[in-house]
């Protein structure tokens with residue numbers, strides 16, 4: 004199977020070189036090239052350079068691979084009948100291209116920010132602006148490998164700032180020249196009382212800021228010609244009844260001047276409430292072009308010798324070079340949707356990305372929608388009713404008893420042999436809060452779903468969406484959550500996975516089998532079957548922590564009806580029912596079974612779980628004043644063990660103390676070493692990282708913090 008895959012990939016690559024370009028990058032505008040990281044040298048690779056550029060591309064709206072793009076037929080065209088776009092591009096390359104490892108790692112930004120270095124390089128410290136400017140290398144892991152990084156912009160509603168990557172997309176215009184209009188639903192939240200918000204000011208779309216779709220009318224009391232009038236409602240949690248705020252009590256604008264992109268509520272928007280504005284908007288960007296950008300940027304840098312003006316390709320390229328696309332969270336969902344919609348096939352019919360590593364990206368990215376809001380997510384409380392989880396959920400083909408459709412995310416690429424080799428990386432939080440189990444089972448959660456041969460899934464046990472910075476808050480309140488967040492890192496597992504994926508893509512080395520909880524072995528279960536321990540309130544280490552009570556909550560999912568112009572099978576189209584109507588049937592969501600400490604049994608159990616100093620979970624709850632204490636968005640929990648047996652008995656804690664687990668420093672080092680060696684054998688920890696972690700245990704003894 005691997006030999007056939009790579010033979011086909013090689014043949015495809017040769018055909019790309021020979022084939023005439025259609026949709027393509029027409030011009031690569033190099034803005035600056037300079038030494039990276041102050042000239043620091045990375046092992047045998049040596050020094051690196053960073054290249055900042057702007058890529059100009061064009062699309063044939065009539066081409067078969069582009070017709071699926073929502074509203075591309077309404078986008079302005081140039082003199083050749085093409086639709087144009089411009090995207091920022093940033094490159095990190097070995098200064099000596101001969102030192103390259105022949106891997107192009109394409110970084111899909113999250114809300115305009117680069118993330119790949121943060122995924123794989125340890126000890127990354129700095130500001131978002133510094134990360135986005137390639138100023139921080141941490142321990143230089145990717146650079147020591149000789150990897151070339153290429154990041155490109157795709158999200159058309161990201162606001163500038165902090166060196167975020169920007170893209171210029173065309174605006175859809177009706178054939179008679181009038182602006183395209185339509186209904187938009189914007190869920191508004193705030194962390195502090197305020198009287199004015201941007202129309203796009205949601206939980207995930209305020210920081211960094213996102214641009215807002217303009218209201219067609221600044222007078223909110225005016226009934227439009229079609230009978231529409233905007234509404235503003237408020238509720239305390241996602242499933243609470245909406246209460247309409249009288250139209251006279253709010254307005255469009257900043258509370259001093261009416262405008263098209265802000266909303267004013269003189270009584271004040273309150274923290275912990277969900278406000279929902281439904282209004283008529285105008286001038287949508289053709290957001291689905293973002294998928295075509297990923298396709299055309301990938302094809303250009305892997306195979307093109309130069310652009311149409313003669314500017315040479317600035318990275319190592321050609322048939323022997325392999326490309327891997329990666330992205331976290333929102334960007335991971337982008338990758339899954341890009342593949343599902345057929346954009347890993349170039350217009351010449353060839354595979355674009357050889358490998359894909361979506362990270363913490365369960366669900367899909369509803370980018371290919373008129374008035375798309377790609378910055379929205381899928382929370383139990385926040386952004387609950389946005390189109391982020393349409394069937395299909397699995398890479399392989401399944402039949403959905405709720406909708407009656409039979410479908411898989413790889414259907415299109417299977418039909419034309421353009422599927423990449425995929426490492427799907429997820430955390431426990433995606434199972435607890437993010438409906439990730441639907442990617443592992445049938446839609447009702449009754450059985451494990453078969454996995455395609457080109458896919459591996461690795462669930463990182465007892466981890467949260469993204470680990471918090473250390474040290475954790477020492478005194479309550481712990482941010483917006485009831486207890487401290489879970490700092491269990493992804494880094495060491497992600498590094499091992501990257502090396503394994505590179506070996507699969509470039510060297511045809513068979514990777515480890517998937518490591519994930521399952522229905523068959525009882526490690527993936529309904530929420531009411533989880534045997535979670537009763538963890539009492541404690542004052543360990545002088546930090547007062549409340550009791551952690553397991554509630555058995557999940558992030559329920561029903562089919563959402565957005566109207567007849569929405570195509571749920573492709574997460575594409577036009578949303579006309581806002582808010583959407585909910586169906587009766589629900590999907591079968593499962594969560595990880597846990598051990599006596601409350602730590603997940605199934606999945607990749609890293610060194611921190613092999614020698615734990617506390618309970619790490621994939622879920623946390625808001626403080627009661629926020630959304631009635633529902634899931635605290637994207638946050639897990641950390642609850643340390645007592646230092647001594649006496650301390651835990653006084654607290655009534657059923658979990659063994661550190662003293663009972665590790666009576667000596669040597670016992671702790673032995674536990675760390677055993678866990679690390681087991682992971683190395685399973686190829687889920689690199690030998691160099693094993694040495695680091697064991698050395699830390701030897702030097703510091705039992706960890707005093709998470």
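In my numbering, the protein residues as written are 4 to 709.
All C-beta atoms, glycine included, are put in the ideal place defined by N, C-alpha and C.
Just so you know, these numbers come straight off a predicted model, no measurement behind them.
| Query | Result |
| --- | --- |
| Which same chain residues, not among the five before or five after residue 506, have their C-beta less than 6 Å away from its C-beta? | 512 |
| Output needed for residue 273: all residues of its chain with C-beta closer than 7 Å, excluding positions within five of it in sequence on either side, in chain order. | 196 |
| Considering only residues of the same chain and omitting the five flanking positions on each side of residue 118, which have a CB-CB separation below 6 Å? | 331 |
| Just to confirm the assignment: which complete alpha helix (DSSP H) runs, minimum length 4, are found wholly within the region 614-697? | 648-654, 661-664 and 668-684 |
| Could you name the residues of the same chain whose beta carbon sits closer than 7 Å to that of residue 388, not counting the 5 residues immediately before and after it, in chain order? | 563, 582 and 583 |
| Between the region 169-176 and the region 287-297, are three or more C-beta pairs nearer than 8 Å? | yes |
| What ranges does the alpha helix (DSSP H) occupy inside the region 481-556, keeping only unbroken runs of at least 4 residues that lie completely in it? | 494-510 |
| How about the region 347-355 and the region 80-89: do they share at least three Cβ pairs that are nearer than 8 Å? | no |
| Ordered along the chain, which non-local residues of its own chain (more than five positions away) have a Cβ less than 6 Å from that of residue 558? | 383, 436 and 438 |
| Between residue 649 and residue 472, what straight-line distance do the alpha-carbon atoms span, to the nearest angstrom? | 31 Å |
| Under 8 Å: do the region 413-430 and the region 456-468 share three or more Cβ pairs, one atom per stretch? | yes |
| In terms of alpha-carbon separation, which member of 423, 515, 381 and 314 lies closest to residue 357? | 423 |
| Which runs of the beta strand (DSSP E) at least 3 residues long sit entirely within the region 232-258? Give them in chain order. | 234-238 |
| Taking Cβ to Cβ, would you say residue 678 is nearer than 8 Å to residue 665? | no |
| Let me know the secondary structure DSSP gives residue 329 once reduced to three states. | strand |
| Given residue 487, which residues of its chain have a CB within under 6 Å of its CB, disregarding the five upstream and five downstream residues? | 475, 481 and 641 |
| Is the separation between the beta-carbon of residue 108 and that of residue 124 shorter than 8 Å? | no |
| For residue 711, name the three-state secondary structure that DSSP assigns. | The first residue shown for the chain is 4 and the last is 709, placing residue 711 beyond what the model contains. |
| For residue 681 and residue 516, I'd like the C-alpha separation in whole angstroms. | 15 Å |
| Keeping to the same chain, check which residues put their C-beta closer than 7 Å to that of residue 341; ignore five residues upstream and five downstream. | 294, 297 and 347 |
| Under 8 Å by Cβ, that's how I've got residue 115 and residue 167 pegged, so tell me the actual separation to the nearest angstrom. | 3 Å |
| Once you ignore the five residues that flank residue 69 on each side, which residues in its own chain have a CB closer than 7 Å to its CB? | 26, 62, 63, 75 and 295 |
| CB residue 752 to CB residue 139, shorter than 8 Å? | Missing from the structure shown is residue 752; the chain here goes from 4 to 709 and no further. |
| In the structure shown, what three-state DSSP assignment does residue 385 receive? | coil |
| Does the structure place the region 145-163 close enough to the region 210-228 that three or more beta carbon pairs sit under 8 Å? | yes |
| So for residue 400, helix, strand or coil by DSSP? | coil |
| Can you grab the Cα-Cα spacing for the pair residue 377 / residue 411, in whole Å? | 22 Å |
| Looking only at its own chain, which residues have a Cβ that is under 8 Å from the Cβ of residue 49, when we skip the five neighbours before and after it? | 97, 98, 99 and 102 |
| Sort out for me which residues DSSP pairs residue 267 with in a bridge. | 199 and 254 |
| What is the DSSP secondary structure of residue 447, reduced to helix, strand or coil? | coil |
| Would you kindly work out how many angstroms separate the C-alpha atoms of residue 24 and residue 182, rounded to a whole number? | Interpretation of residue 24 is limited by its pLDDT of 40, a score under 50 that renders its predicted location unreliable; the figure taken from the coordinates is listed afterwards. Cα to Cα, the separation comes out at about 32 Å. |
| So for residue 106, helix, strand or coil by DSSP? | strand |
| Does DSSP classify residue 93 as helix, strand or coil? | strand |
| I'd like to confirm the pairing. Which residues does DSSP put opposite residue 296 in its beta bridges? | The partner list for residue 296 (beta bridge, DSSP) is empty, contrary to what the question assumes. |
| If you measure from the beta carbon of residue 251 to each beta carbon in chain B, is any gap under 8 Å? | Here there is only one protein chain, and chain B is not present. |
| What does the alpha-carbon distance come out to for the pair residue 468 and residue 329? | 16 Å |
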